[in-house]
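> Just passing along the structure, written as structure tokens.
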Amino acid sequence: MSKVQGNALKAVCSIYVPVRDPLKSAAWWQNNFGLEYAVPYNPAEAQVILKLSDGQWLHLVETEGPHNNQFPTRDGYEMFRFTFEVRQIEVLYHKLKENGVVTDQLQDRHSCGINFVFYDPDGNKFDVNEVVDQHRTPEEAEKVRAALFHPVG
């Protein structure tokens, strides 16, 4: 038997999300995030598979009864299971707010970037992140922080 050398896990290729109505949920993800179908919908599978921009698959799996993708931390915080990486977080945040998506406030997590939490129509909690210090010039990052966290007038 050969031995695995180093880190054997390369990436997350699929995310599974419990939903009540996969087609309705898929339309929501398409409208708010521009996701496209990874494969044609097959009603027999009771799920829709959408594709993220880097190729990972988001499986919207039909479930019954109460569900969500959160779990309580030791301190009682309802923790999300996923953080999605985004660009132009401020644009996405304002688009989701305009579309009536339930969101928490933007947070500057400093070296971890700017984040906010949102909920899908089934109550699943997700986090989005942009490490503005890596993806933008220092001047652009400071402008974004100033506009989001220290607005003038």
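In full-length UniProt numbering, the protein residues as written are 1 to 153. Built from N, CA and C at the ideal position, the CB exists for glycine as well.
#1: If we count Cβ pairs, one from each stretch, closer than 8 Å, do we get three or more for the region 113–121 versus the region 88–105?
#2: Among Glu-142, Leu-60, Ser-53 and Phe-71, whose alpha-carbon lies nearest the alpha-carbon of Glu-85?
#3: So if DSSP puts Trp-57 in a beta bridge, which residue, or which two residues, is it bridged to?
#4: Measuring alpha carbon to alpha carbon, tell me which residue in Arg-145, Pro-22 and Gly-55 is nearest Pro-43.
#5: Rounded to whole angstroms, what's the CA-CA distance from Ala-11 to Ala-147? Just pull it up for me.
#6: If we ignore side chains and look at the alpha-carbon of each, how far apart do Gln-5 and Trp-57 end up?
#7: What do you reckon, are the CB atoms on Thr-83 and Asp-127 nearer than 8 Å?
#8: Give the single residue among Asn-124, Asp-133, His-135 and Arg-145 whose Cα lies nearest to the Cα of Asn-68.
#9: By DSSP's criteria, Phe-118 is part of a beta bridge. Which residues make up the other side?
Considering the structure as presented:
#1: yes
#2: Ser-53
#3: Ser-14 and Lys-51
#4: Pro-22
#5: 34 Å
#6: 27 Å
#7: yes
#8: Asn-124
#9: Thr-103 and Phe-126
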